[in-house]
Every structure is written in structure tokens, then in C-alpha cells.
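Engineer: This is the structure, below, for whatever I ask next.
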DNA sequence: CGTCTATTTGAATGTACTCAAAAGCGGTGG
DNA sequence: CCACCGCTTTTGAGTACATTCAAATAGACG
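Residue numbers (the working numbering), protein chains in the order written: chain Z, 1121 to 1317; chain F, 1121 to 1317.
Here is the structure:
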């Protein structure tokens, strides 16, 4: 009951932007690999050349890097129905600078670089799918970039809570602080200040 | 000698990711409109529904918004060979929150929403072009987002100088400060501190 | 040349960080 | 099922980064 469900989920995701017939669906599915990671396990580490893009079907992944002072910075949290990975490393096939770690027992589907290319060759419609997917991601990253340089930590925290309440209540404050770009101590202060209102 | 050059430029840009034959080139060109803006002139203002995506062939555009305190935040500077616009507004056809203003006398090519759709219908290869274009933009926005939350203003300033020296020397410090997300006064301090080393 | 805007400089303030220590909470083994 | 251990969260004091406001100076454009 579990295995087919994964594919229903990803096909529905793809179906937002393109329509596939049965043989195309089968081909697409055949280009995917199943993967999983237990809580606290790494899916990827810096130095590796990213071999896959990931689509999470269950659980939660944290994509992050360490700066030269050893401080974590979270690029994104990927829960069910999220695509993730290190695009720069995947695209250019150069060593990644990111960690991907499971915050919960997690299941995902992966597509390798070569199957990604093959997908475009066999079913050109997928160019359209990814064009749309990236277009949307771009919109949200442009927004997040602007928020990062123009808003206070408190404002960014409130935006995150409103936009991703279902993520906020699955992660620790420490990880959320690393996503917001502030220290856990400061996030704690913000919360106590906000609760007094 | 000027008008044809514009199209050579954009065809070369497109040629990075897809190959077009002559009739495809002609069709593509026919879906573009030429535009221009004098220094200090607005190309777009908040409240408008973005009708076009822009490709700059000469000059420099500043894409920015005002926060509730009236402070400018620059999303990007677009010089020759840059694509720009307000993707969110263009994609969803909802009112923009951005200004686009010419910092120099600027010339650009535009593609309207309906021609954008038509382009995909007539020459599906363009899905691939924009898929690649957006993929690249995404990589740089992911990086910029991480820089915004993890680096000091001084570090972000140095990165900008190294990455876009040709832009840095065309814009004012005030505009650069608005891009970095700091006040012009603070950028001035950073510069004087750096020059003392 | 004059005017308008950008840039510089400085003092006072606010936002966010560092370091330290205590309190809370969750998972694990006995 | 309880007790312990390790990690997260809280709290606080002192500090660094960045802003605000004000005023002087420098530059650019008409």
C-alpha cells in the first residue's frame, strides 16, 4: 500500500503542469529510484558530486551548509511533495557544499543526472514541467532574498510561521533559527517577547 | 547597425541552450517587441500587472521595491544581456509590487505574456531554454539568499565587487547599498574602513 | 555657475551576537 | 517505568554590527 502511493504523489505533482499518458507515466517511473534515510542520517555530504535530485514522499529533509565558523545555515526544509537537492552541484556536476540530513525517518524518489537528461530526450514535455517548477521556485527565492535583506528577524519569523505552519511545528527552534539566519538564543528572545503581547 | 545587433545578442543568449533554424529565429524575433527608456524613466510601477519579460540590450535597469517605511530594496540590476522583470506578477498576472527604472538610457526587447505562451506552443524547444535559464537564476538566488542570512554587509559587498565589477562601477553607492540591504551611510563606513587596509 | 543629490563623518540608539549557565525535554537503557 | 544523559531552550550580561538623525562636503547635471 506504500510503494504505489509514492508514485501517485509524484505523478500528481507533475500533473500540475503537464499531462502524461500511461506509457509516459511508466517511463517516468522507470527513471526514478526509491530511497530512504533514517532520522539523523545523511543523504548527502559536502565534497560529493550530487548525483540526484530528490522528491520527498514522507518525512523531512534539511538542506544546510556550515560557514567557516562552523555555524549552520539552512537552505530549505523539504517535507512531503517537495523537490530538493543541490542544483548547482547537480547541474554543473561539481562538488557540493551542502549537507542533506533527515530530520525524521524519510522516504523519497530520486532522479539521476543521466536519467534527468534521458527524461528530456524521451518526453520533451518534461522541459515544460521543470520550467514551471523552477519558475515557481525562483519566485519564492526572489521573495526570500528580499526578505533577508529588508526585514528584521522577528518579521521573517512571523512570515515563516504563517507560510509554513506545518513545517514550523515539525522542526526544532535551533533548525528554524539556522533557516532564519539568526542564533537559537535570539529566536528564543523573539518568541518570549512575542508571547508577551 | 543597431537594430539588427539587438537580435544577434538575444539569439546568442538563446543559443547557449538551444539551436534554432532560420525560420524559428524569425518566428522568435517576430514575437519580440522593442522598447526603450531614458535615464530615470520608469519601465514599470507597482500596481501594474506585468505584461512583459525584458531582455536588456543596452543600458541598465534597476528592479526595486519600497518597504512600508519608504526604504528602497533593490532586487536586481539588469545590464546588457540580462533577462529581468517581475516573475511573480508575470506568471500569475497579478499586480506587481516592483518598480523598474532605467539608470541609464536603456534599450531592451520584450516578450508579452501571450507571445510567451505562443512561443512555447510554436517552438517547444523554448521550454528547454527557459528551463535552463531559470535553473541558473535559481542557483544564484539560492546562493544570494544564503549570503543574505549568513554574511556581514562587508562580506556581501566584497562578493558583489568581485562578481559584478562591471555593474559596481556603473551604479551609485546608494543603489548598491539598497541592493546589499544596508544604508548608504553604512556602506560609506565600510568603504572607508576597507580602504584603510 | 548654481542647484540638487550623493557621499562622508559623527554621535546616539537599536538589533542581533557571544559567552556562560541554568532549566527543560526526549530518548534510551536498565 | 523510571532515571539518567545529552541536547534544546531559556535567561542574562556584555559586545559587535548596523541604523537613525544631523550636518558638512563633494560631485553631477542642466
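Where a beta carbon is used, it is the ideal one built from N, C-alpha and C, also for glycine.
#1: Under the DSSP definition of a beta bridge, which residues are partnered with residue 1192 of chain Z?
#2: Would you say residue 1158 of chain Z and residue 1131 of chain Z are within 9 Å of each other, going by their C-beta atoms?
#3: Rank F/1171, F/1302, F/1151, F/1268 by C-alpha distance to the C-alpha of residue 1205 of chain F and give the top, closest one.
#4: Is residue 1316 of chain F helix, strand or coil when you go by DSSP?
#5: Sorted by chain position, which residues of the same chain lie with C-beta nearer than 6 Å to residue 1138 of chain Z's C-beta, five sequence neighbours on each side aside?
#6: At 8 Å on the CB atoms, spell out the chain F contacts of residue 1268 of chain Z, in chain order.
#7: What residues of chain F sit near residue 1163 of chain Z, judged by a beta carbon separation below 8 Å?
#8: Give me the residue from F/1165, F/1287, F/1154, F/1135 with the minimum Cα distance to residue 1217 of chain F.
#9: I'd like the ranges of any alpha helix (DSSP H) spanning at least 4 consecutive residues and lying wholly in the segment 1272 to 1300 of chain Z.
#10: Residues in its own chain within less than 6 Å of residue 1225 of chain F by CB, not counting five upstream and five downstream?
#11: Taking 9 Å as the CB-CB cut-off, is residue 1288 of chain F touching chain Z?
#12: So residue 1227 of chain F and residue 1156 of chain F are in contact, right, with Cβ under 8 Å, and what is the actual spacing, rounded?
#13: When the Cα atoms are used, what is the spatial distance from residue 1234 of chain F to residue 1153 of chain Z?
#14: Spatial neighbours of residue 1187 of chain Z within its chain, please: C-beta separation below 7 Å, excluding the five flanking residues on both sides.
#15: Using the Cα positions of residue 1302 of chain F and residue 1276 of chain F, report the straight-line distance between them to the nearest angstrom.
#16: Look at residue 1182 of chain Z and residue 1223 of chain Z and say whether their C-beta atoms are less than 9 Å apart.
Structural biologist: Reading it off the structure:
#1: BP columns for residue 1192 of chain Z point to Z/1186.
#2: Not a contact, by the Cβ cut-off of 9 Å.
#3: Nearest C-alpha to residue 1205 of chain F: F/1171.
#4: Three-state DSSP puts residue 1316 of chain F in coil, outside helix and strand.
#5: Contacts found: 1245, 1248, 1249.
#6: The answer, in chain order, is 1265, 1268, 1269, 1301.
#7: Counting only Cβ-Cβ distances below 8 Å, residue 1163 of chain Z has no contacts in chain F at all, with the closest Cβ about 17 Å away.
#8: That would be F/1165, whose Cα lies nearest to the Cα of residue 1217 of chain F.
#9: Runs found: 1273 to 1283, 1285 to 1288, 1293 to 1300.
#10: So the qualifying residues of the chain are 1158, 1159, 1179.
#11: False, the Cβ-Cβ gap to chain Z never drops below 9 Å.
#12: Indeed they touch by this definition, with Cβ atoms about 5 Å apart.
#13: Each residue's alpha carbon lies about 38 Å from the other.
#14: So the list reads 1193, once near-sequence residues are dropped.
#15: Residue 1302 of chain F and residue 1276 of chain F have their C-alpha atoms roughly 10 Å apart.
#16: Less than 9 Å divides the Cβ of residue 1182 of chain Z from the Cβ of residue 1223 of chain Z.
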